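Novice: According to my numbering, the sequence shown is numbered sequentially starting from 1. This structure is in structure tokens; I'll ask about it shortly.
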Amino acid sequence: MDDLSHKWEPVKKDHMELAGRSFTTKVVSDEVDPMCHPLREMNKIVISPGLLAGTLAPSSGRLSVGAKSPLTGGIKEANAGGLTATRLGNIGIKGIIIEGAPETDKDWYSIMVGKDKCEIIKKNDYAGMGLYKLIQKIWKDYPSKPGIIGAGVAGQRMSKCSGVFGNNIENSDPGRYAGRGGLGAVFGSKRIVAVISDDTGGTRPEAKEKERFNEARKVFVKALSDHAVTGRLKDKNGNPYGGLKNYGTNILQNILNEAGGLPTRNFRSGRFEDAAKISGEAVHELVDKTNEKFGDKAEGKYGHPCHPGCVMACSNVVPYEDTGKLHVSPLEYESAWSLGTNLGIGKLHDVAELNRLCNDIGLDTIEAGNTIAMFMEAGMIPFGDGKKAIRLLKEAYDEKSAMGALVTAGAKTAGETLGVTRIPVVKGQALPAYDPRPIKGIGVTYATTPMGADHTAGYTIAAEILGIKGEVTDPRKLEKAELSQAFQATTAYIDFSGYCLFIAFCILDDDDGFKAMTDTVDAFLGKAIDVTEYGKKVLKMERDFNKKAGFTDKDDRLPEFFRTEKLPPHDVVFDVPDSELDAVYKNI
């Protein structure tokens with residue numbers, strides 16, 4: 001961005017088997033100084049579709065965005081659905097690397113990428129606009145229905161709470177977020193509002209072993225469709241079947257509440273009395289109710305895919321109850337938790353409105369909700385007051401508002417500024433929707449992943465709560481370091497493949513499904529890849545980067561209140577020894 005130029009480069013030999021997270025990690029590790037300021041010109045934005053993006057492999061249209069994180073100070077990969085990965089896959093682009101920064105802060109730019117073309121275009125009229133309006137304007141400017149990612153007003157102001165937005169399939173909502181790590185701020189530091197991907201003239205990527213790929217793909221589609229979590233909408237009798245299709249990721253709201261692991265009112269309890277009111281089941285009922293009332297004019301949906309070709313379709317469109325029109329899409333579990341349960345807010349409309357504001361402003365919902373919780377913890381807003389939370393978040397639209405700046409600064413900065421001592425962060429990043437005291441494996445992941453507190457980095461919930469791959473009767477007795485390491489390595493592989501992380505519910509339960517998944521990757525490359533070893537190589541690059549950035553084992557710790565405060569209703573603390581936390585990366 002220094003001189004607003006671009007160049008095309010052939011894929012390096014040692015990058016041929018990289019994609020998605022493995023590509024972003026490799027480039028950031030090799031080309032970004034670990035000690036650089038993340039919001040200056042030395043940092044780079046790396047955008048990469050997963051390996052199978054654009055192919056007919058099911059649920060494989062995920063996108064990775066990488067950089068040095070302004071929030072954690074370490075390496076970061078954030079992952080999203082939407083249209084961009086598929087568009088880039090169809091035009092044969094392995095990655096986009098954005099480096100440098102304009103000499104002045106006078107102008108804003110978009111980057112337009114198509115088949116054999118790239119343009120950096122001055123677009124000051126795109127800046128400062130709410131993202132719902134921006135994505136509509138871009139599709140009007142580019143009628144080819146491109147994928148769009150970029151930074152909202154929060155990222156343009158380099159707020160640490162900002163995520164990288166992405167448009168959904170219909171372009172009705174900017175809610176497909178690579179949310180974590182403050183990467184929207186890195187876009188803002190380079191004066192980029194949007195990266196626009198047009199696959200006109202492109203072709204579907206082809207596997208090196210086509211017949212094997214197609215056979216494996218069919219087996220995998222069946223495995224996903226037959227599984228009770230990832231499966232079809234209805235069973236043969238017309239009853240709801242697949243949990244994700246019917247209730248979305250927010251099916252976990254009631255499950256975690258029952259288990260006593262649902263963080264409530266800034267991690268003070270493991271149960272929320274109003275969980276059912278903001279759950280996936282509540283959204284399902286609202287969609288059915290408004291569809292019946294408003295007919296063809298209703299816009300509510302469940303079983304909504306987040307990217308082309310997703311057979312799990314866990315996304316949703318939450319309607320306004322009084323009109324049936326789109327309120328927000330999606331309302332995922334993490335968002336319903338962070339903007340609802342963790343704030344003590346039990347009104348679905350208020351939670352959806354907070355989510356819509358985050359989508360429009362360009363904020364990571366997990367970080368935003370935890371940041372609002374700091375205001376509540378400090379007594380500035382009562383827990384449970386949705387209207388005051390909405391009013392606070394709207395301050396973010398005003399670039400001159402000190403409250404707006406603080407509520408978009410992240411939980412750590414806001415908590416310390418407000419004198420709060422119970423700040424739920426690791427490496428500067430706020431914890432997601434699973435309390436680590438009763439669910440200790442996810443606590444190990446929070447503590448040790450190079451990404452900062454991140455559930456998707458090693459999603460042990462599949463085993464600890466849902467009993468996937470064997471019954472878990474007492475998760476406290478498992479070897480948590482081993483469990484977390486296995487999930488972290490497998491996740492790094494999945495993030496490279498382009499598959500959605502939620503395939504884990506199926507492949508960990510179904511050996512044939514697991515083999516079919518790996519066969520699609522191997523057939524595409526024409527080479528066998530070891531899942532665990534591949535994942536460990538990615539983790540080692542990330543860990544090494546963070547060490548060079550100054551991180552030590554002392555950064556692999558949860559806040560002390562998780563060890564000292566017992567969590568109701570089970571009255572447990574996080575008691576995994578430091579020695580076990582330190583063991584997670586000893587052989588990586």
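For every residue, glycine included, the Cβ atom is placed at its ideal position computed from N, Cα and C. As the structure is a computational prediction, the values presented were derived from the model and not from experiment.
(1) Quick one: complete alpha helix (DSSP H) runs, 4+ long, within the stretch 294-353?
(2) Is N79 buried or exposed, if buried means 16 or more other CB atoms sit within 10 Å of its CB?
(3) Given A259, which residues of its chain have a CB within under 6 Å of its CB, disregarding the five upstream and five downstream residues?
(4) Among Q156, N587, D553, I588, which residue has its Cα nearest to the Cα of P577?
(5) Excluding the 5 residues flanking Y459 on each side, which residues of the same chain have their C-beta closer than 7 Å to its C-beta?
(6) Of the residues D398, G344, L348, which one's Cα is nearest the Cα of E332?
(7) Between the alpha carbons of F524 and D510, how many angstroms are there, rounded?
(8) From H38 to K234, what distance separates their C-alpha atoms?
(9) Alpha carbons only, please: which of A409, S48, T72, A298 is nearest the one belonging to L88?
(10) For P316, which of I251, Y397, N257, K400 has the nearest alpha-carbon?
(11) What is the DSSP secondary structure of Y585, reduced to helix, strand or coil?
(12) Can you check which of these residues, K145, D3, P438, is closest to E170 by C-alpha distance?
(13) Hey, would you say L393 sits closer than 8 Å to V407, going by beta carbons?
(14) Mind checking G470: buried by the 16 CB within 10 Å criterion, or exposed?
(15) Once DSSP output is grouped into helix, strand and coil, what is the label at A67?
(16) Select from V113, D125, A216, Y493 the residue whose C-alpha is nearest the C-alpha of K200.
(17) Just checking my contact of M312 with T230 at CB under 8 Å: how many whole Å lie between their CB atoms?
(18) Is the beta carbon of Y434 closer than 8 Å to that of G243?
(19) Got a sec, what are the start and stop residues for the beta strand (DSSP E) I461 sits in?
(20) When you compare only the Cα positions, how much space is there between P263 and R212?
(21) Following the continuous beta strand (DSSP E) through S189, name the residue where it begins and the one where it ends.
(22) Are the CB atoms of R176 and C358 within a distance shorter than 8 Å?
(23) Of all the beta strand (DSSP E) runs that stay within the bounds of the stretch 521-588, which reach a length of 3 or more residues?
(24) Since I believe Y302 is in contact with E281 (beta carbons under 8 Å), could you give me their beta-carbon distance rounded to a whole number of angstroms?
(25) According to DSSP, is P475 helix, strand or coil?
(26) Identify the continuous beta strand (DSSP E) that holds A396 and give its terminal residues.
(27) In its own chain, which residues sit with a C-beta less than 7 Å from the C-beta of E17, not counting the 5 before and 5 after it?
(28) Could you tell me the alpha carbon to alpha carbon distance between G179 and D454, rounded to whole angstroms?
(29) State buried or exposed for A528, treating a residue as buried only when at least 16 other CB atoms are found within 10 Å of its CB.
(30) Count the other C-beta atoms from every protein chain shown that fall within 10 angstroms of the C-beta of R204, then say buried if there are 16 or more, exposed otherwise.
(31) Going by DSSP, what residue range makes up the alpha helix (DSSP H) through C161?
(32) Using the beta-carbon count (16 or more within 10 Å), is M35 buried or exposed?
(33) Pairs of beta-carbons, one from the stretch 397-417 and one from the stretch 154-164, closer than 8 Å: are there three or more?
(34) How many Å lie between K462 and S172 at the Cα?
(35) Here's a check: name, in chain order, each residue in its chain whose Cβ is nearer than 8 Å to the Cβ of D474, leaving out the five neighbours to either side.
(36) Our contact map puts D495 next to S197 with C-beta atoms below 8 Å; I'd like the distance itself, whole angstroms only.
Specialist: On the basis of the coordinates in this document:
(1) Counting only runs of 4 or more, we get 333-338.
(2) Answer is buried; the Cβ neighbour count reaches 16.
(3) Counting only residues of its own chain and dropping the five nearest sequence neighbours on each side, A259 has a CB closer than 6 Å to the CB of I465.
(4) Across the set Q156, N587, D553, I588, the C-alpha of D553 shows the shortest separation from the C-alpha of P577.
(5) Hits under 7 Å: F487, T491, L501, A504.
(6) Out of D398, G344, L348, L348 has the C-alpha closest to the C-alpha of E332.
(7) Straight-line Cα distance between these residues: approximately 22 Å.
(8) The question names His, yet the displayed sequence has Pro at residue 38. Between P38 and K234, the C-alpha separation is close to 47 Å.
(9) Ranking A409, S48, T72, A298 by Cα distance to L88 puts S48 first.
(10) Note that residue 316 is Asn in the sequence shown, not Pro. The candidate whose alpha carbon is nearest that of N316 is I251.
(11) Coil at Y585, not helix or strand.
(12) Of the listed residues, the one whose Cα sits closest to E170 is K145.
(13) A distance below 8 Å separates the beta carbons of L393 and V407.
(14) Note that G470 scores 44 on pLDDT, short of 50, meaning its location in the model is unreliable and no value can be drawn from it.
(15) A67 sits in a strand when the DSSP states are folded into three classes.
(16) Note that residue 200 is Thr in the sequence shown, not Lys. For T200, the closest C-alpha among the options V113, D125, A216, Y493 is that of V113.
(17) 5 Å between Cβ atoms; contact.
(18) Cβ distance not < 8 Å, so G243 and Y434 don't count as in contact.
(19) No beta strand (DSSP E) contains I461, which is instead part of the alpha helix (DSSP H) from 461-464.
(20) Each residue's alpha carbon lies about 45 Å from the other.
(21) In the DSSP annotation of this structure, S189 is not part of any beta strand (DSSP E); the continuous alpha helix (DSSP H) holding it starts and ends at 183-189.
(22) The Cβ atoms of C358 and R176 do not sit closer than 8 Å to each other.
(23) Runs of beta strand (DSSP E) with 3 or more residues, each lying fully within the stretch 521-588, are absent.
(24) Rounded, the Cβ-Cβ distance is 10 Å, inconsistent with contact.
(25) Low per-residue confidence applies at P475: pLDDT is 39, beneath 50, and the placement is therefore not dependable enough to give any value.
(26) Careful: A396 lies outside any beta strand (DSSP E) and carries neither H nor E.
(27) Within its own chain, the residues whose Cβ lies closer than 7 Å to the Cβ of E17, once the five positions on either side in sequence are excluded, are L525, listed in chain order.
(28) Answer to the nearest angstrom: the Cα atoms are 11 Å apart.
(29) With a threshold of 16 other beta carbon atoms within 10 Å, A528 falls short and is exposed.
(30) Result: exposed.
(31) Taken as a continuous stretch (DSSP letters only), C161 belongs to no alpha helix (DSSP H), as it is neither H nor E.
(32) Exposed: under 16 other Cβ atoms inside 10 Å.
(33) Counting Cβ pairs under 8 Å, three or more are found: they touch.
(34) The residue asked about is misnamed: residue 462 is Ala in this sequence, not Lys. A462 and S172: Cα-Cα distance of roughly 31 Å.
(35) Low confidence applies to D474: its pLDDT is 43, below 50, so where it sits in the model is not reliable enough to give any reading.
(36) Not quite, the Cβ-Cβ distance comes to about 19 Å (not below 8 Å), so this is no contact.
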